[in-house]
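*Asks:*
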Amino acid sequence: MQIRTIANSIPPARDTLPVSSAPSAESRRISDDVAQARHTAMSALTNDRFRAMLEQITDPGASGALMTMRGDNVVDFKSAQSSYADNSE
């Protein structure tokens with residue numbers, strides 16, 4: 133798997149605001165959220181451990197093994213909830 137990025141790409145025209153109107157608080161918040169999401173995605177793409185994990189889980193053999201994994205311990209909801217309550221006190 134090969135991931136390519138363009139660091140200084142020009143945003144699409146729909147992402148730019150007209151010069152004459154000031155952005156509202158909501159549009160500033162959305163822009164900030166988009167910028168943060170883009171930063172997080174770029175950080176993940178350049179992280180070697182994330183890249184290695186992504187290569188492992190996209191391998192057809194590994195994904196088949198992950199799909200067939202199941203625990204030997206079958207626990208009903210009430211027991212799990214009780215154990216969780218005991219451990220969180």
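Numbering (my numbering), first residue to last: 133 to 221. No residue lacks a Cβ here, since even glycine has one placed at the ideal position from N, Cα and C.
Which of helix, strand or coil does DSSP assign to proline 155?
*Replies:* Counted from its first residue, the sequence shown places residue 155 at position 23. It is coil, neither helix nor strand.
*Asks:* Does the beta carbon of alanine 194 fall short of 8 angstroms from some heavy atom of the ligand SAM?
*Replies:* Within the structure as shown, the ligand SAM is missing, as the structure has no ligands at all.
*Asks:* What number of angstroms, rounded off, separates the C-alpha of glutamate 187 from the C-alpha of valine 166?
*Replies:* As a position in the sequence shown, residue 187 is number 55, starting the count at 1. As a position in the sequence shown, residue 166 is number 34, starting the count at 1. Their Cα atoms are separated by approximately 26 angstroms.
*Asks:* Pull up the CB-CB distance for phenylalanine 182 and alanine 176, whole angstroms please, since I reckon it's below 8 angstroms.
*Replies:* By one-based count along the sequence shown, residue 182 stands at place 50. By one-based count along the sequence shown, residue 176 stands at place 44. The pair is a contact, with the Cβ atoms about 5 angstroms apart (cut-off 8 angstroms).
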